[in-house]
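In this note's numbering, the protein residues as written are 8 to 830. This report refers to the structure that appears directly beneath it.
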Amino acid sequence: MRLCLFALSAAVLAVHADPLELVKNGKSDYVILVKPAALPATMAAAEDFQRYIEKSTGARLPLRKAEKAEKPAVKIGFLKVGTPEGFVIRTEGKDLHISGDDTGGMPYGMNWWVSGANARCGTWSGVCDFLEKQLGIRWFFPGELGEYVPKRDRLIVPELNYSDAPKMGWREISWLVNWKDMPQPDRIAMYAWKRHNRVGFHVFQRHTHAWGLYFNPKDLFDAHPDWFAMLNGRRSKINLYSHEPAMMCTSNPEAVKAFAGNIVKLCTEKPCDMFPISPNDGGGFCECPKCRALDKINPDGSRNMSNRIFSYGNALAKEVNKRLPDQMLGLYAYSYFVEPPDFGLDPHISICNVHNSCSYTYHDPGIRAAHLEQLLQWRKKARHIHFLTFPEGMGCLNTPVYNFNGIKMLFANLRKAGIDSVGYAASTGFGASGLNKYMVARLLWDPECDIDAVYADALDGAYGGAASLVRDYFAEVERRIARFYTEGRVSEDVSLGTRRIFPGLYERCFPGLADAWLNRLKAARQNLSDPGQNARIGMLIDVLEYTELGVQLHRISRKVSGTPKPETADLVAALKLLERRGTLEERMHRLPDNMSIAGIRSYEKEAMPYFSAAVYKNLLAARTQKRVRVKRIAEPVRMDGRLEEAFWTGLPELHIDLDMKEGEKRPVGAVAKLALTGDSLLVGVRCSEPKVSEMTDSVTQRNGPVWSENSIDLFLDPSCQGKNYYHLISNSLGTLFTAKCGTKDSAWTPEIQTAVFRGKDFWSIEIAIPLKTLSDRPVHGSVWGFNINRARRVGQMKTEYTCWSPTFGGFDQPARFGRIILE
Ligand SMILES: [Zn+2]
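In structure tokens, the structure reads:
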């Protein structure tokens, strides 16, 4: 360990005096003093000092609340420190002083909302600095096994007189993983890890997607449709392009005024240092002529909405500050409005520049330079700039994301642009991210520190004799992922979507990684006797084995997803891999790894449905292709959507109730029936719907976006080849979308009759498709590929997709269609 390292970054003033002998032969004459009225933040610092001196030396110093002591003392929090979050460490006679800028509030965690709820913990930062420099203690990961505490029975403190303070006013490292499934002791250990590494803030930042929270169409649309986005020519209560609520029409001054009024009310009731005003996530921005007039069109045809969004920000700030003159507002600068606008920003607006996946994209010098240029341009337009990044990529698979070089390049840019407020949103547990978070914490405190030296020190402390092997391993992982990101396979835009990235990682980055490294890491582990170092290299081994299981699983899933009749052996093998993976997950879920199983499941569900055991179980069960006979009927059909004529009862039922991705049966289903009548194929569907009153379907234009509403999807493949087949969607109003699939020319707009009906707890539809538009051959006796699916979208509920023949993916999967036999 290079213990002198951190001393280099702070001024050390040494005047000749006797050193203090704080601990001798595992015993101490010292007492720890705090003032009787010490704040919780100061008290927590003193307790931490006591705990770690004992851990290292075995000596437990008594901790007293008093102004004076007869014995020599470690005086915690006795000196006044004016620099925000700063600290002073000073020896005076036989006493040692550690004091910092402390405030009331919680010393742990971050309460985002209430002004002053979070304590400034300058004293505690001083204690950690002392423990690092004088005792060589490091906090690499949360929990006991993540710490490095060298043992000693003597502690001599030289004459000290120095101070330090963070260079950044907001230093946050957050997790995308689901905090909900984290046991309480682990949660406390996580906060302690943050505190030890001096994550915290004194300049409050909050820029989150806010309209859904404070300007929601649920409450406002009915009275004020004009306040919301115009989409496809009409104001819409639901957002057709995102899971978030409908967006604001930002060029409507009444809407802006109403939002301002709401902010003033909320901030008066509960003052908060920065109120977020950012648009909702995803698409669905207003298409009204007034909003669009403010946009620019980029050379690639995409839209630059910066002028629209930041003029809205300025107008809102003006309104809010009329009544709350100092209120700060936080507004994202990302996606369609990541570039600076043509005008300056109101000084009450803090923007939050977002550059995702930067640890990897930054390996491309062009991207690196362009981002620096963007930040420098922003400097000219905005007084307050915060930077937020999901540097390791969006989402969380808990595969390796080691990225020291990317972090280094990123902070070099932030330093050049004078950014003093940074949020680092990590996405994985500590085994998968290695020393990333620890390194980021150092840079957040002091972006100018000698980061290469800090890294070498950290590798030594964390991995002991395996340090150089681990350094090479981390570097190879970073090279592999950076290549994947910068060779044009993942652009910044695509990186926002997990769907494309995750399978790509398993396909292109990780194959061969375990072959090259697993045995070497395991051999190195044999030689590590320090339990912490042994456990920490164990975390790397677990993540690598886990990743290799993912590579194998991905290989099987590719094979299985493309075929209607997967091999039983493949399905069984996949289930075995998933079982081994589950055992590893249980272990990695706990500290010091802190992997989130729930987080991984939710991302996998979106990006890789074939990583679920339910899929393979249901595939095993669904190996027989669904088949149904379609009878010819002679009776006349009343097209009224009710399905009430007698002939319906005699027809076979097609149950549409299997989850699209996993094939699990869903509680709310639908039943379809088919018949041949005259020269048409008649399809009748009855969809159970306990929430009929919450259906808001409104598309009435042929080939409009009916797929975003309550709808039925039909796939008809008369040739059974999976090549030229027909796709028909109808929403609950009977509005159709029709197209040809698997062919260049997708145009197909035949005359098709629909009739709909809405009951108390269901809606139903009849569709009559002329056979001649599907096939010019006689249909009698022919077998067609067929599927029928349902999208259920009511209220704020997440859309439910169900199938007759489960597709284990999107609806459009001809290999997984069932068969209809036309009589
Ligand atoms: Zn508008």
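Here a beta-carbon is modelled for each residue, glycine too, at the ideal position from N, C-alpha and C.
Same chain, Cβ closer than 8 Å to residue i, five either side skipped, listed in chain order
i	result
Ala-126	Leu-46, Pro-47, Ala-48, Asp-109, Thr-110, Gly-111, Gly-112, Met-113 and Pro-114
Met-254	Trp-218, Phe-235, Ala-236, Asn-246, Pro-286, Asn-287, Gly-291, Phe-292 and Cys-293
Glu-830	Arg-636, Val-637, Lys-638, Arg-639, Leu-683, His-787 and Gly-788
Pro-43	Lys-72, Ala-73 and Glu-74
His-832	As displayed, the chain neither begins before 8 nor continues past 830, which places residue 832 out of reach and without an answer.
Gly-729	Gly-749, Gly-792, Pro-821, Ala-822 and Phe-824
Phe-491	Tyr-367, Val-497, Gly-511, Leu-512, Arg-515 and Cys-516
Spatial neighbours of residue i in its chain, beta-carbon cut-off 6 Å, leaving aside the 5 residues before and after
i	result
Val-690	Leu-681 and Ile-774
Pro-659	Val-635
Pro-354	Arg-390
Ile-828	Arg-636 and Val-790
Residue i versus residue j: straight-line alpha-carbon distance, rounded
i	j	result
Ile-508	Leu-404	11 Å
Trp-655	Val-678	12 Å
Pro-518	Met-416	27 Å
Leu-451	Met-175	6 Å
Ser-502	Val-30	Only weak support exists for where Ser-502 lies, its pLDDT of 43 falling under 50; the value from the coordinates is given anyway. Spanning the two alpha carbons is a distance of roughly 53 Å.
Leu-512	Trp-177	32 Å
Phe-85	Ser-106	6 Å
Val-38	Leu-68	5 Å
Lys-329	Lys-388	22 Å
Thr-631	Glu-592	33 Å
Leu-10	Lys-566	The predicted model places Leu-10 with a pLDDT of 42, which falls under 50 and marks its position as unreliable; any figure quoted below should be read in that light. Straight-line Cα distance between these residues: approximately 53 Å.
Glu-499	Met-312	Caution is warranted here: a pLDDT of 45 is assigned to Glu-499, below 50, making its placement in the model unreliable, and no coordinate value can be reported.
Leu-834	Ala-433	Lying before the first or after the last residue shown, residue 834 is absent from the chain, which here runs from 8 to 830.
Asp-102	Lys-82	7 Å
Asp-686	Leu-723	16 Å
Thr-767	Arg-594	Per the sequence shown, the amino acid found at residue 767 is Lys instead of Thr. Roughly 49 Å between the two C-alpha positions.
Asn-541	Ala-469	9 Å
Leu-323	Ala-377	30 Å
Pro-296	Gln-381	28 Å
Thr-761	Ser-366	53 Å
Val-763	Asp-666	24 Å
Asp-229	Ala-265	15 Å
Val-675	Lys-225	24 Å
Ala-641	Ser-739	27 Å
Leu-70	Ser-132	19 Å
Glu-536	Asp-171	As written in the sequence, residue 536 is Ser, which differs from the Glu given in the question. About 36 Å.
Ile-426	Ala-448	15 Å
Ala-605	Arg-97	47 Å
Lys-698	Lys-805	14 Å
Met-50	Ile-60	16 Å
Gly-471	Lys-244	59 Å
Phe-211	Ala-614	34 Å
Asn-269	Asp-453	39 Å
Close-in-space but distant-in-sequence residues of the same chain around residue i (CB under 7 Å, 5 per side omitted)
i	result
Gly-290	Tyr-248 and Ser-249
Thr-590	none
Ser-35	Leu-29, Ala-66 and Leu-68
Ala-474	Leu-466 and Asp-467
Gly-129	Val-88, Glu-92, Gly-93, Phe-94, Gly-107, Asp-108 and Asp-109
Leu-331	Val-271 and Cys-274
Residue-chain proximity (residue i, chain D), Cβ-Cβ < 8 Å
i	result
Gly-741	In the displayed structure, chain D is absent; only one protein chain is listed.
Residue i CB to nearest heavy atom of ligand 3 below 7 Å
i	result
Leu-395	Looking at this structure, you won't find ligand 3 anywhere; what it does contain is ligand 1.
- Task: Note down, one range per segment and in chain order, each alpha helix (DSSP H) of at least 4 residues found wholly within the region 361 to 439.
- Result: 365 to 368, 372 to 388 and 411 to 423
- Task: Take every Cβ of the region 341 to 353, pair it with every Cβ of the region 313 to 324, and state whether three or more of those distances are shorter than 8 Å.
- Result: yes
- Item | ligand 1 site residues, beta-carbon cut 5 Å against heavy atoms | Cys-256, Ser-258, Cys-293, Cys-295 and Cys-298
- Do the region 139 to 158 and the region 197 to 208 touch if we need at least three Cβ pairs shorter than 8 Å? yes
- Message: For the pair the region 702 to 710 and the region 741 to 752, tell me if three or more CB-CB distances fall below 8 Å.
- Response: yes
- At which residue ranges does the region 247 to 316 contain complete alpha helix (DSSP H) runs of 4 or more residues, listed in the order of the chain? 260 to 276 and 296 to 299
- Would you be able to state if there are at least three C-beta pairs under 8 Å between the region 540 to 555 and the region 430 to 449? yes
- Task: Could you pull out every unbroken beta strand (DSSP E) segment of at least 3 residues lying fully inside the region 762 to 791, listed in chain order?
- Result: 769 to 777
- Item | Inside the region 659 to 747 only - alpha helix (DSSP H) runs reaching at least 4 residues | none
- Is the region 695 to 708 in contact with the region 747 to 754, if contact means three or more CB pairs nearer than 8 Å? no
- Message: Quick check: the region 132 to 151 against the region 526 to 537, are at least 3 beta-carbon pairs closer than 8 Å?
- Response: no
- Message: Runs of 4 residues minimum, wholly inside the region 596 to 669: which ones carry the alpha helix (DSSP H) assignment?
- Response: 604 to 614 and 620 to 628
- Task: May I have a chain-ordered list of the alpha helix (DSSP H) segments no shorter than 4 residues that lie completely inside the region 147 to 225?
- Result: 191 to 203 and 218 to 221
- Task: Give, in chain order, every unbroken run of the alpha helix (DSSP H) that is at least 4 residues long and sits entirely within the region 531 to 570.
- Result: 538 to 568
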